[in-house]
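Numbered continuously in the working numbering, the sequence shown closes out at residue 683.
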Amino acid sequence: MDIRIPPFLQRGDTVMIISPSSKIDKQFLKGAKRRIEEWGLKVVMGKHASGASGSYAGSIRQRLNDLQDAMDNPEIKAILCSRGGYGAVHLIDKVDFTKFHEHPKWLMGFSDITALHNLFQKNGYASLHSIMARHLTVEPEDDICTQHLRKILFGELPTYICEPHKHNRTGRAKGILRGGNMAVAYGLRGTPYDIPSEGTILFIEDINERPHAVERMMYNLKLGGVLERLSGLIIGQFTGYEEDNELGKELYKALSVLVEEYDYPVCFNFPVGHVTYNLPLVNGAEVEFTVTSKNVTLSFQPEV
380 MDIRIPPFLQ RGDTVMIISP SSKIDKQFLK GAKRRIEEWG LKVVMGKHAS GASGSYAGSI
440 RQRLNDLQDA MDNPEIKAIL CSRGGYGAVH LIDKVDFTKF HEHPKWLMGF SDITALHNLF
500 QKNGYASLHS IMARHLTVEP EDDICTQHLR KILFGELPTY ICEPHKHNRT GRAKGILRGG
560 NMAVAYGLRG TPYDIPSEGT ILFIEDINER PHAVERMMYN LKLGGVLERL SGLIIGQFTG
620 YEEDNELGKE LYKALSVLVE EYDYPVCFNF PVGHVTYNLP LVNGAEVEFT VTSKNVTLSF
680 QPEV
């Protein structure tokens, strides 16, 4: 399926902030609104953006209604998911794209929002794997990830150049950039919302997953034939865990062994994940991915 790139924004356009997963501190909603308005955009809040139902930002119906309202409203040009956590999977089989097809828009977020990125790509649309409300609130105006997000929304696409890593495998590939949080994507394996592997440059990241659990998920991709069909692999940040020593080696080393038989480019330690340096990525875009002994380059193709 061809992936459609939503229209880029212009000054005066409107962004809606919603909370499709876990509940969020209202101060982060206010901070994100303030930051986005500094870019010359208007911001409206989803009806239940600051809601709470247990650990969620509202009931399934409330969270779904906010997402559907944002997707259906032709005045809304982009949707910022306020945070991840857990809960987006409750919504993905209930979303109606009928009106969205008439006026596509950007969806932004990461972590649990990976479920929605997969949903959007299944329906033929790219989205933005990006920082969310807390980052927009607590990081300074000149934060590099904040600035990249602003530039992408207005149509200025980046070329990222990153440091080499000892486990990298050199090479050059073109493909469709797809991925996000590994555990969330893994939870959608074998469903209609699975990430297709053919022609994909896959990026993965996670938090609070013990190394042997990450390796287990990677074995699933290997044994399921996913890894062998990829065009490239970007291994991002795996944070928030304690080494459990069950692997007998550090995590990146274990993952490098699992992909050593393939001939496509692989990079480790890419700046994407639950870290401050979390570069926004156009999920579903065509990219050129080059790994050399000196650096890693990821560039979005001009037709985007």
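Just so you know, even glycine gets a beta-carbon here, dropped at the ideal spot from N, CA and C.
Alpha-carbon spacing of residue i relative to residue j, whole angstroms
| i | j | result |
| --- | --- | --- |
| Phe489 | Ile555 | 18 Å |
| Ile586 | Gly652 | 8 Å |
| Asp381 | Phe533 | 22 Å |
| Glu639 | Asn599 | 16 Å |
| Asp472 | His482 | 20 Å |
| Gly433 | Arg440 | 14 Å |
| Leu420 | Arg413 | 10 Å |
| Tyr620 | Gly391 | 42 Å |
| Ile531 | Asn657 | 14 Å |
| Glu518 | Glu625 | 36 Å |
| Ala552 | Phe668 | 5 Å |
| Ala494 | Glu584 | 14 Å |
| Val683 | Leu660 | Confidence at Val683 is low in this model, with a pLDDT of 43, below 50, so the placement of that residue is unreliable and no value is reported for it. |
| Thr393 | Tyr631 | 41 Å |
| Thr538 | Trp418 | 21 Å |
| Arg383 | Ala505 | 6 Å |
| Val423 | Pro590 | 40 Å |
| Asp475 | Gln447 | 7 Å |
| Ile613 | Gly463 | 21 Å |
| Thr570 | Ala592 | 21 Å |
| Gly604 | Asp522 | 39 Å |
| Thr655 | Asn560 | 16 Å |
| Ser386 | Ile415 | The amino acid occupying residue 386 in the given sequence is Pro; Ser does not appear at that position. Rounded to the nearest angstrom, the two C-alpha atoms are 18 Å apart. |
| Leu677 | Ala664 | 11 Å |
| Ala633 | Ile574 | 23 Å |
| Lys405 | Gly627 | 43 Å |
| Pro453 | His469 | 25 Å |
| Tyr465 | Arg442 | 12 Å |
| Lys601 | Thr579 | 15 Å |
| Tyr641 | Phe499 | 29 Å |
| His480 | Glu520 | 34 Å |
Whether residue i touches residue j by CB criterion (8 Å)
| i | j | result |
| --- | --- | --- |
| Ile492 | Cys460 | yes |
| His508 | Asn674 | no |
| Arg513 | Phe407 | yes |
| Leu515 | Ala411 | yes |
| Met597 | Ala562 | no |
| Leu609 | Ser576 | yes |
| Ala436 | Lys409 | no |
| Ser672 | Thr549 | yes |
| Cys541 | Phe649 | yes |
| Asn497 | Leu606 | no |
Expected contact under 8 Å - CB spacing of residue i and residue j to nearest Å
| i | j | result |
| --- | --- | --- |
| Gly558 | Leu581 | 5 Å |
| Tyr643 | Gly611 | 5 Å |
| Lys501 | Tyr572 | 6 Å |
| Lys456 | Leu388 | 5 Å |
| Glu467 | Ile458 | Per the sequence presented here, residue 467 reads as Ala, with Glu not at that position. Contact doesn't hold; Cβ gap of about 12 Å is too wide. |
| Phe679 | Val670 | With a Cβ gap of about 17 Å, Phe679 and Val670 do not count as contacting. |
| Cys646 | His527 | Their Cβ separation, rounded to whole angstroms, is 18 Å, which puts Cys646 and His527 out of contact at 8 Å. |
| Phe617 | Glu594 | In fact, because the Cβ distance is near 11 Å, the residues do not count as touching under 8 Å. |
- In the segment 447-522, which residue ranges form an unbroken alpha helix (DSSP H) of at least 4 residues, counting only runs that do not cross its ends? 493-501 and 512-517
- Item | Segments assigned alpha helix (DSSP H), at least 4 residues, entirely inside the segment 571-607 | 590-602
- Message: Ignoring anything shorter than 4 residues, give me the alpha helix (DSSP H) runs that lie fully in the segment 396-449, in order along the chain.
- Response: 405-417
- Per the contact definition of three or more C-beta pairs closer than 8 Å, is the segment 426-437 in contact with the segment 385-404? yes
- Query: What runs of the beta strand (DSSP E), each 3 residues or longer, lie entirely inside the segment 623-658?
  - Reply: 645-647
- Task: Write down every uninterrupted run of the beta strand (DSSP E) in the segment 538-564 whose length is 3 residues or greater and which is fully enclosed by it, in chain order.
- Result: 538-541 and 550-560
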